[in-house]
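Trainee: Our numbering numbers the first residue of the sequence shown as 1393 and each following residue consecutively. Built from N, CA and C at the ideal position, the CB exists for glycine as well. Remember, predicted model here, so these are calculated numbers, not experimental data.
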Amino acid sequence: MLTYSEPKRILCIHDLSGAGRCSLCVILPVLAAMGHQPVALPTAVLSTHTGGLGEPARMESPAYGAAALTQYQKIGLSFDCIYSGYLATAQQAETVELAYQLWPDAYKIVDPVMGDNGKPYASLPQDFPAVIGRLCRQANLISPNFTEAHLLLGRPCPAGDLDEASAAALAEELLAIAPAAVVTGIPMDKYIACAGAGPEQFVQKKLHLSRSFPGTGDLFGALVTGMLTRGNALSAAADAGAEFVAAAIRNTSPEADPRLGVWFEPLLGRLVQHND
Ligand code: PXL
1393 MLTYSEPKRI LCIHDLSGAG RCSLCVILPV LAAMGHQPVA LPTAVLSTHT GGLGEPARME
1453 SPAYGAAALT QYQKIGLSFD CIYSGYLATA QQAETVELAY QLWPDAYKIV DPVMGDNGKP
1513 YASLPQDFPA VIGRLCRQAN LISPNFTEAH LLLGRPCPAG DLDEASAAAL AEELLAIAPA
1573 AVVTGIPMDK YIACAGAGPE QFVQKKLHLS RSFPGTGDLF GALVTGMLTR GNALSAAADA
1633 GAEFVAAAIR NTSPEADPRL GVWFEPLLGR LVQHND
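(1) Between S1476, T1442, L1438, which has its C-alpha nearest P1430's C-alpha?
(2) With three or more beta-carbon pairs closer than 8 Å as the criterion, would you say the segment 1549-1568 touches the segment 1577-1586?
(3) I'd like to confirm the pairing. Which residues does DSSP put opposite Y1583 in its beta bridges?
(4) Indicate whether D1407 and L1445 have their beta-carbon atoms separated by less than 8 Å.
(5) What span of residues does the beta strand (DSSP E) with K1500 cover, start to end?
(6) Indicate whether the contact test is met: 3 or more Cβ pairs, each with one atom in the segment 1531-1542 and one in the segment 1562-1577, closer than 8 Å.
(7) Going by DSSP, what residue range makes up the alpha helix (DSSP H) through H1542?
(8) Which of helix, strand or coil does DSSP assign to K1400?
(9) Using the beta-carbon count (16 or more within 10 Å), is Y1396 buried or exposed?
(10) Note down, in chain order, each residue of its chain lying with its Cβ closer than 6 Å to the Cβ of A1482, except the 5 sequence neighbours on either side.
(11) Skipping 5 residues on each side, what residues in its chain have a beta carbon closer than 8 Å to that of M1619?
(12) Under a Cβ-count criterion, where at least 16 other Cβ atoms within 10 Å of its own Cβ denotes burial, should P1521 be classed as buried or exposed?
(13) Is the segment 1489-1507 touching the segment 1539-1553, taking contact as three or more C-beta pairs under 8 Å?
(14) According to DSSP, is Q1463 helix, strand or coil?
(15) Assign A1572 to one of three DSSP states: helix, strand, or coil.
(16) Please tell me whether G1457 has its Cβ less than 8 Å away from any Cβ of chain D.
This is the structure we're talking about:
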């Protein structure tokens, strides 16, 4: 007999930056290739990300988020997972909270996109760590980078490398905020490490520090979200995310303009699970 298995539905609350391979432009193809149904709720439409390509053209509509969620509720949609990332205003954090109220059983993943390289993003308001912190306290999983982890913990980002015990301790500290955490971009000798804590604790050293690109946090976050939604453990999800980011960096020509992100598209086939 023919049986149907409906793809898991994931509400993705992120910006849509047309060029530059970040946010929804990487999250949607990754989650769809992994067999899920991503539903996009753009927080803002930008021509590019804000990471060095000049001042992007912007389109923002403050009432859009709540109106879209109300319609989804009206037509009976529900979500297995609510995955949020780059938010430009405190009101957009309220939109995420509204989604939590409407679908309380969804697994909530917050990528607290606020900064990188030791500094908060200049485009975001000063009180953002408090706003995002409030959201993180309602999440099942948070996925800050090294800078964002320190913004959430309210202390400056240390210079220099961490050892394994300190990386694990950093992830563990975040458990005061959410029941599970995965921290990316931890400087460790010549590597970038990822550390997780929650039901399990792990430290994975993965990438050589030779090149960095915008959007790799979103690529990692999408992989983790897709893997967890498939039922994998956090360590396996983080491992798959780190491997895919590493492969996408290797697949990007050294001559490419790094501001345009990693060439992940030719690798999407690796994420497909063949059931036939
Ligand atoms: O990938 C993070 C990100 C997402 N969205 C926008 C950004 C950035 C990082 O610079 O500018 C608009």
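Mentor: Looking at the coordinates:
(1) Restricting attention to S1476, T1442, L1438, the CA atom closest to the CA of P1430 is found in S1476.
(2) At 8 Å Cβ cutoff, the stretches touch.
(3) DSSP output for Y1583 lists M1580, H1600 as bridge partner(s).
(4) It is not a contact, given that the beta carbons lie outside the stated cut-off.
(5) Secondary structure note for K1500: its beta strand (DSSP E) is the uninterrupted segment 1499-1502.
(6) As far as the Cβ criterion goes, the segment 1531-1542 touches the segment 1562-1577, which means the pair count is three or higher.
(7) In this chain, the alpha helix (DSSP H) harbouring H1542 covers 1538-1545.
(8) In the structure shown, K1400 sits in coil (DSSP, three-state: anything other than H, G, I, E or B).
(9) Per the 10 Å Cβ criterion, exposed.
(10) If the five residues before and after A1482 are omitted, its C-beta is found closer than 6 Å to the C-beta atoms of V1523, all from its own chain and listed in chain order.
(11) Apart from the 5 residues on each side of it in sequence, M1619 sits with its Cβ closer than 8 Å to the Cβ of M1426, A1628, A1629, A1632, G1633 in its chain, given in chain order.
(12) Here P1521 is buried, its C-beta having at least 16 other C-beta atoms within 10 Å.
(13) Yes, since at least three Cβ pairs between the segment 1489-1507 and the segment 1539-1553 fall closer than 8 Å, the two stretches touch.
(14) Of the three classes helix, strand and coil, the one that applies to Q1463 here is helix, per DSSP.
(15) Coil.
(16) Here there is only one protein chain, and chain D is not present.
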